[in-house]
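In case it helps, the UniProt record's numbering puts the sequence shown at residues 1 to 190.
Every residue, glycine too, gets a C-beta built ideally from N, C-alpha and C.
Just so it is clear, the structure is predicted and the values come from calculations on it, not from any experiment.
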Amino acid sequence: MGKAEMLRVLEETQEAVVPPKKVAKKRKDSTPADKEARRQRNNGAITSRAGPEPWLGDVRAQDKKAAEAMQEALRAQLVTERADRATEEEAMRVELEAVLDEKAAVEVELEETKARAAEEAKRMRDKVANTWAREKEFRANGYSEEEHPAPFLDVKKALREMPEDDEEAKEEEVEEDASGNEATPPRSPR
């Protein structure tokens with residue numbers, strides 16, 4: 001039951017509940033004797049009445065019907081909201097399962113990466129240990145760095161031995177001129 005339909009039912013029930021309008025009658029001026037008689041009549045009427053007035057029963061019946069209709073509308077709305085909530089919970093449950101599956105996949109990938117990194121670290125440690133063992137073995141066998149120096153490790157020495165760029169370019173030009181004149185004659189333009 002939609003919101004508009006519920007409002008329509010509510011308005012109909014409220015219209016049905018409104019008691020009929022009473023028309024006010026003008027009273028005649030009464031004398032004290034009339035007032036006393038009316039007072040006694042009212043006192044007797046109040047104590048002698050056994051039940052509600054007849055039109056009040058109709059109003060109560062209409063109120064009861066309106067309340068039942070409203071209650072039925074609210075029950076229908078509650079059922080609809082519960083169904084919507086169940087659907088939403090199921091969607092959230094499916095989404096949660098998907099996220100948990102993705103998390104598990106990422107964790108597996110992380111474990112594989114950690115295992116590869118651990119293997120690589122172990123391999124590198126073994127390589128370093130092997131290098132140190134070889135160096136100790138070389139030293140034990142009488143090998144020294146003085147016998148076979150590694151010139152590429154000495155940066156200062158390598159820089160000192162490098163020729164200057166300008167000098168090198170001039171030397172190459174002189175060599176080309178000297179070898180070019182003797183070996184090949186110049187070409188004539190055509």
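Exercise for the section: Give the C-beta separation of residue 13 and residue 69 to the nearest angstrom, bearing in mind that I take them to be a contact with Cβ-Cβ under 8 Å. Expected result: Here residue 13 is taken as the residue at index 13 of the sequence shown, counted from 1. Here residue 69 is taken as the residue at index 69 of the sequence shown, counted from 1. The Cβ separation is near 6 Å, so the contact holds.
Practice task
With DSSP collapsed to three states, give me the class of residue 6.
Solution key: The sequence position of residue 6 within the sequence shown is 6, counting from 1. Reduced to three states, the DSSP call for residue 6 is helix.
Problem - Which listed residue (112, 39, 9) has its alpha carbon closest to that of residue 65 - result: One-based indexing of the sequence shown puts residue 65 at position 65. Its Cα nearest to that of residue 65, the residue 9 stands out among 112, 39, 9.
Problem - For residue 162, three-class secondary structure by DSSP - result: Counting from one through the sequence shown, the residue named residue 162 turns up at place 162. Coil, per DSSP.
Practice task
Could you tell me the distance, in whole angstroms, from the CA atom of residue 101 to the CA atom of residue 122?
Solution key: By one-based count along the sequence shown, residue 101 stands at place 101. By one-based count along the sequence shown, residue 122 stands at place 122. Pairing residue 101 with residue 122, the inter-Cα distance amounts to about 32 Å.
Exercise for the section: Look at the alpha carbon of residue 204 and the alpha carbon of residue 107, and state the distance between them as a whole number of angstroms. Expected result: Absent from the structure is residue 204, since the part of the chain shown begins at 1 and ends at 190.
Practice task
Apply the 10 Å Cβ neighbour rule to residue 48 and answer buried if 16 or more other Cβ atoms are within range, or exposed otherwise.
Solution key: Taking the sequence shown and counting its residues from 1, one reaches residue 48 at position 48. Residue confidence is low: residue 48 scores 48 on pLDDT, short of 50, so the model does not pin down where it sits. No coordinate-derived value is stated.
Problem - Per-residue DSSP class, three states only, for residue 141 - result: Translated into positions along the sequence shown, residue 141 becomes position 141. For residue 141, the secondary structure class from DSSP, reduced to helix, strand or coil, is coil.
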